[in-house]
Amino acid sequence: MKLITFLLALGITLSANILEDIDRKLTPLSAQMYKKLINIEPNGEKKEFVIFQAKKDKDKMVSLFLAPDSEKGRATLRQGENMWLYIPNVGRPIRITSMQSVVGGVFNNADIMRLDFSTEYSVVKEEDKGEYLLLELKAKNDTVSYDKLLMQVDNKTLSPIQIECYTSTKMLIKTLFYKKPKDFGDSIVRPSVVETMSPLYKGYKSIMIYGKITPKEFSDEAFTLDNLAKASDLRR
Amino acid sequence: MIKIVFSFIVLTLCLFGGEYDFDMDMIEQKPYEYSGYLRVDEKAQRLNNRAEDTQNYLHLEGLLDFSYSYESLKFKTSLMATNDYIKNKVSSSSFVTNELYIESKLTTNHTILVGKESLQWGKGYFFNPVAFFDRVKNPSEPTQAREGFVIGKYSYNKSFTTQLKNLSFDFVYLPSNENLNYDYYKIVTNKKDANNIAMRLYLLLYDTDIDIIYNYSDVANEKIGIDFSKNIQTNFEVHAEWAKVIDSHYTYLLGFRYLTSSDLTIISEYLYRSNGLTKEEIAACTSTLPFTAKDYLITLITQKEPFEWLYSSVYYKNMMNLQDYSQQNKFGITYGFKNNINIDLSYNLNGGATLSEFAKKPIKDFLWLRLTWSF
């Protein structure tokens, strides 16, 4: 009995470790990033957004829109399950949810402001498929946007290859494709492009391109409501 | 043949190679930042006046936000210019400094600010009873940029790794006299020179935003206020505000914001003022100041991206005076073009019994076109 308990505990620990390893492969624990989001419509028309992001620990993140001009200055703050949006003209932050999208298109707030996988998910199943590992992830609570993820992970690099996102009713909401590995310096080698398609948005595609990822330390106070209007100061 | 193949490869690269490009010049950080918009509002109005049926109201507006940072100092200003025109009736312009201040971040936790700032306290979308040092919000245009007051402010901000995740404290001094903060001097301190102080304690406690506010004036009555905002479900936020003028009236607001899985957002707020006007008092006035009744219910329902129409939304807004049940209904559609132009077209209808607040308005209904170009 003790042996079974030990093996179970060991299994859970190893699974948690693999998720944390994947997280650290993707971004340092504390870092700043520049990303470009592109929404591509079925007729080929595109709209681009450029955002700056500051991240600290496993559950704190600030995003600031740098382009287009119509979105410039908008900032979102995530602290665990709490999420706020600051719009310059409104002048103060309002609570929003991870389900909605501040940019429109296939990416929602949870995709843009994604916390570490290990913060939101637990590994419930792990299968070695030869070229890749197939992980089945279950949301730790019902505030997480997707109830279940099926994640294909490169066996050698531990980078995600593809992630399918499902609701609690087992409906596929979207699929994320991780592409174009790039060396960002500071030992950060990861896919620089994430493409998203969704059966709910037939013919639409959204792309997230990582331009720059730099390890950087921030104070805890940088991730507070009082400083959300000053998110631009974090770039300095 | 080789030339043709080579040309084809180059053309293919040009067409498809750029999809994943990232122009690093775009993210260059400068010590200054600016943004703003130019806006045109055109309202085709049908009047309640028998002598004249319709009129066109044109409103032009420009906003420029500019900030400059040097080490721990930050200068910020927000300037607004407007022009209003109704043929043979109105032709006026205004230039307003909404904000103009210098802020110094002394340490991670301590900040001081001197100048004109719009504080925007409170949690309500349409009303903010606890915003003691702000100009009154117009529920018809709650997101409109507003002019601040000249203040001195000290702020303390500290984060924790407990259930109390963040605490911040503001101490604000607002002098009001004939030369400084004239509107506050005229409306709040009854045209008497006054020293006004407000203190705000903000807590992020058990994933709830809480503000506790105290306002002291050497001329006007003291005020206290409290507000909160919390997500009781991921897609369901509730908020409330309560403000009390000591030895006088009180006001409270209850509201929620609900998001469905189909991206339909419902925001609804109820406002009660103990000193607000009753149905009879509204009927007795020849003209009523907007939103001065005892209680209101305002609801905004927005469907984002209907029929997968990206960057668009359709909305319905109802503002109801619960004393006389008069109301304004608004049906609108918005679309954000890729060239930073946003269009908002709405039909607005005032209705209610004779002598009720919205029925007494000089405008019966109006078609409102708003074009905004952001830069």
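Chains C and W, in that order, are what the protein sequence lines are. Here the first sequence is numbered in my numbering, starting from 62 and rising by one per residue. Here the second sequence is numbered in my numbering, starting from 1298 and rising by one per residue. The C-beta atom is built at its ideal place from N, Cα and C for all residues, glycine as well.
- Residues of the segment 130-154 of chain C with a C-beta less than 9 Å from any C-beta of chain W: Asp130, Ser131, Glu132, Lys133, Gly134, Gln140, Gly141, Glu142, Asn143, Met144, Trp145, Ile148, Pro149, Asn150, Val151, Gly152, Arg153 and Pro154, listed in chain order.
- Ranking C:Trp145, C:Thr285 and C:Ala290 by CA distance to the CA of C:Lys117 puts C:Thr285 first.
- DSSP places C:Phe245 in the coil class of the three-state scheme, outside both helix and strand.
- Rounded to the nearest angstrom, the gap between the Cα atoms of W:Gln1352 and W:Leu1376 is 29 Å.
- Assignment of W:Asn1353 by DSSP, reduced to helix, strand and coil, places it in the strand class.
- Three or more beta-carbon pairs drawn from the segment 188-198 of chain C and the segment 206-215 of chain C are found closer than 8 Å, and the two stretches are therefore classed as touching.
- Of the candidates W:Arg1497, W:Ala1656 and W:Thr1374, the residue whose Cα lies closest to the Cα of W:Leu1586 is W:Ala1656.
- Using a 10 angstroms sphere on the CB of W:Asn1385, the tally of other CB atoms stays under 16, which defines it as exposed.
- Within the DSSP secondary-structure output, W:Met1617 pairs in a beta bridge with W:Leu1594 and W:Gln1624.
- Secondary structure note for C:Ser179: its alpha helix (DSSP H) is the uninterrupted segment Phe178 to Glu181.
- No Cβ-Cβ contact shorter than 8 Å links C:Met258 with C:Lys96.
- By DSSP's assignment, C:Ala283 forms no beta bridge with any residue.
- Around W:Lys1450, no beta-carbon contact reaches into chain C at under 7 Å, the shortest distance being about 11 Å.
- For W:Lys1483, the enclosing alpha helix (DSSP H) stretches over residues Tyr1479 to Ile1484.
- Taking 8 Å as the cut-off, the beta carbon of W:Asn1639 is found no closer than this to the beta carbon of W:Thr1596.
- Residues are counted here when their Cβ sits less than 9 Å from a Cβ of chain C; for the segment 1319-1332 of chain W these are Phe1319, Asp1320, Met1321, Met1323, Ile1324, Gln1326, Pro1328, Glu1330 and Ser1332, given in chain order.
- With at least 16 other beta carbons inside 10 angstroms of its own, W:His1536 counts as buried.
- Bridge pairing for W:Gly1449: W:Val1411 and W:Tyr1470 [DSSP].
- In the DSSP assignment, W:Thr1548 is bridged to W:Ala1540 and W:Arg1570.
- Judged by DSSP secondary structure, W:Lys1373 falls within the beta strand (DSSP E) whose first and last residues are Leu1370 to Ile1383.
- Put simply, the CB of W:Lys1614 is far from chain C, with every gap to its CB atoms at 8 Å or more.
- Taking a beta-carbon distance threshold of 8 Å, C:Arg175 does not count as an interface residue toward chain W.
- The Cβ of C:Gln223 sits no closer than 8 Å to any Cβ of chain W.
- At a cut-off of 8 Å between C-beta atoms, W:Lys1489 does not count as an interface residue with respect to chain C.
- Neighbours of W:Asp1560 in chain C, taken as residues at a C-beta separation under 7 Å, are given in chain order as Gln161.
- At a cut-off of 8 Å, the C-beta of W:Ser1415 has a neighbouring C-beta in chain C.
- With a cut-off of 8 Å on Cβ pairs, the segment 1526-1543 of chain W is not in contact with the segment 1317-1324 of chain W, counting fewer than three such pairs.
- Inter-residue distance for W:Leu1568 and W:Leu1344 is about 29 Å (C-alpha atoms, whole angstroms).
- In the DSSP annotation of this structure, C:Ile148 is not part of any beta strand (DSSP E), being labelled neither H nor E.
- For W:Gly1649, no chain C residue has a Cβ inside 8 Å of its Cβ, as the nearest lies near 29 Å away.
- For a cut-off of 8 Å, the C-beta gap from C:Met144 to C:Ile155 is around 10 Å, too long to register as a contact.
- The C-beta of C:Lys273 comes closer than 8 Å to at least one C-beta of chain W.
- The C-beta of W:Asn1493 has 16 or more other C-beta atoms within 10 Å across all chains shown, which makes the residue buried.
- Shown here for W:Leu1370: same chain residues with a beta carbon closer than 6 Å to its own, the five before and five after excluded, namely Ser1401 in chain order.
- The continuous stretches of alpha helix (DSSP H) do not include W:Asp1508, which lies in the beta strand (DSSP E) extending over residues Thr1505 to Ser1514.
- In the three-state reduction of the DSSP assignment, C:Ser159 falls in the coil class.
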